[in-house]
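What follows is a set of notes on a single structure, which appears directly below.
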């Protein structure tokens, strides 16, 4: 499960502290929404949250739906 402020831990800060998440982003690059969510073991709404925080942290620029 991806933690958000609702659960007490801000994912944005997590991304700012840990650069090892670049590997996760590279791993899901080019996958469909369903495949990427399955790879990260989250729901599709959880994937949206993951990508939103990665974008806010400056790790990714845009997301294209496949």
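Residue numbers (full-length UniProt numbering): 1 to 66. Yeah, the Cβ is synthetic: ideal placement off N, Cα and C, and Gly gets one too. These numbers were taken from a predicted model, which means no experiment stands behind them.
- Note that the C-beta distance between residue 60 and residue 51 is below 8 Å.
- Look at residue 39 here: in three-state DSSP terms it is helix.
- Within the same chain, Cβ atoms closer than 6 Å to the Cβ of residue 28 are found at 36 and 39, the five residues on either side in sequence being excluded.
- Distance between residue 31 and residue 63, taken at the CA atoms: about 11 Å.
- If the five residues before and after residue 25 are omitted, its C-beta is found closer than 7 Å to the C-beta atoms of 54, 59 and 60, all from its own chain and listed in chain order.
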